[in-house]
Amino acid sequence: LAKTTQPISMDSYEGQEVNITCSHNNIATNDYITWYQQFPSQGPRFIIQGYKTKVTNEVASLFIPADRKSSTLSLPRVSLSDTAVYYCLVGDSGSQGNLIFGKGTKLSVKP
Amino acid sequence: NAGVTQTPKFRVLKTGQSMTLLCAQDMNHEYMYWYRQDPGMGLRLIHYSVGEGTTAKGEVPDGYNVSRLKKQNFLLGLESAAPSQTSVYFCASSLLLRVEQFFGPGTRLTVL
Numbered sequence: 001l002a003k004t005t006q007p008i009s010m011d012s013y014e015g016q017e018v019n020i021t022c023s024h025n026n027i028a029t030n031d032y033i034t035w036y037q038q039f040p041s042q043g044p045r046f047i048i049q050g051y052k053t054k055v056t057n058e059v060a061s062l063f064i065p066a067d068r069k070s071s072t073l074s075l076p077r078v079s080l081s082d083t084a085v086y087y088c089l090v091g092d093s094g095s096q097g098n099l100i101f102g103k104g105t106k107l108s109v110k111p
Numbered sequence: 112n113a114g115v116t117q118t119p120k121f122r123v124l125k126t127g128q129s130m131t132l133l134c135a136q137d138m139n140h141e142y143m144y145w146y147r148q149d150p151g152m153g154l155r156l157i158h159y160s161v162g163e164g165t166t167a168k169g170e171v172p173d174g175y176n177v178s179r180l181k182k183q184n185f186l187l188g189l190e191s192a193a194p195s196q197t198s199v200y201f202c203a204s205s206l207l208l209r210v211e212q213f214f215g216p217g218t219r220l221t222v223l
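Quick look at the structure:
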């Protein structure tokens, strides 16, 4: 079964760049790596997805090295509203279709 | 366009009782998923469906059954609830298996 590891929590200040790394092994070779954001009492919300190298959208960047054993979510200039839990999601190499979420990183942004 | 909806929002069961959680989506998505979320455990996939009439097991399928009789609905059943099934259950749907999933608001289930 694929395994993921994320830091449990991170603190930051408004305006700073935040990088959250997820380590993952035994992931499907043909699968995307996806990141989600979750606020209390809500379902997760899609942030960004990539296969390799770097992907950027209007809210974040995702860096994936060539060996795909980790991925880093980068949030530029965070604000108080970015306080949330962030999850990485990968596909399991041993079971087609099975998706494995990380345990989540609680980001706290302070003024 | 309601997206993904879940019924009920809250439920309290006694050990041994049965219930069904309903998930509905109006985005014409082929893929639907049921997850459970427990403190410190993140989300874990229970079952998923790749289309009407098809289902498959995820990471933690034991104690649950699912059905996808209509494309827009995905039902999660607990035949004999146990306290270990106390959790928040999320349903999600996606156009394809590996792309962006849209999540419902969750169902908070307590089994006494």
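Quick mapping for you: the protein sequence lines, in order, are chains A and B. One point on numbering: in my numbering, the residue at position 60 of the first sequence is 60, and numbering is uninterrupted. Take any residue in the second sequence, count from 1 to its spot, add 111: that is its number in my numbering. For every residue, glycine included, the Cβ atom is placed at its ideal position computed from N, Cα and C. Being a predicted model, the structure only gives us computed values, none of them experimental.
Asked: Within 9 Å of any Cβ in chain A, is that where the Cβ of TYR146/B sits?; Found: yes
Asked: By the 10 Å Cβ neighbour count, where 16 or more other Cβ atoms means buried, how is ASP92/A classified, buried or exposed?; Found: buried
Asked: Is THR126/B near PRO194/B, with beta carbons less than 9 Å apart?; Found: yes
Asked: What are the residues in the stretch 197-222 of chain B lying within 8 Å of chain A by C-beta distance?; Found: PHE201, ALA203, LEU208, ARG209, VAL210, GLU211, GLN212, PHE213, PHE214, GLY215, PRO216, GLY217
Asked: In the DSSP assignment, the beta strand (DSSP E) including ASP149/B goes from what residue to what residue?; Found: 142-149
Asked: For LEU206/B, I'd like the list of residues in its chain whose CB is within less than 8 Å of its CB, leaving aside the five on either flank, ordered along the chain.; Found: MET138, HIS140, GLU141, TYR142
Asked: Determine whether the Cβ of PHE39/A lies closer than 9 Å to any Cβ atom of chain B.; Found: no
Asked: Determine the direct distance from the alpha carbon of THR218/B to that of LEU133/B, and round the result to whole angstroms.; Found: 10 Å
Asked: Counting contacts by CB-CB distance shorter than 9 Å, is GLU170/B in contact with chain A?; Found: yes
Asked: Nearest CA to the CA of ILE33/A: which residue from LEU223/B, GLU211/B, VAL222/B, THR221/B?; Found: GLU211/B
Asked: Do you know offhand how far VAL109/A's Cα is from LYS52/A's?; Found: 28 Å
Asked: Any beta-carbon of chain B closer than 9 Å to the one on GLN16/A?; Found: no
Asked: Closer than 8 Å is the cut-off here; do at least three beta carbon pairs connect the stretch 73-81 of chain A with the stretch 13-29 of chain A?; Found: yes
Asked: Does the beta carbon of PRO7/A sit closer than 9 Å to a beta carbon anywhere in chain B?; Found: no
Asked: Report the neighbours of ASP31/A on chain B: residues whose CB is nearer than 7 Å to its CB, in chain order.; Found: ARG209
Asked: Looking at the strands, I want to know which residues DSSP matches up with GLN136/B.; Found: VAL115/B
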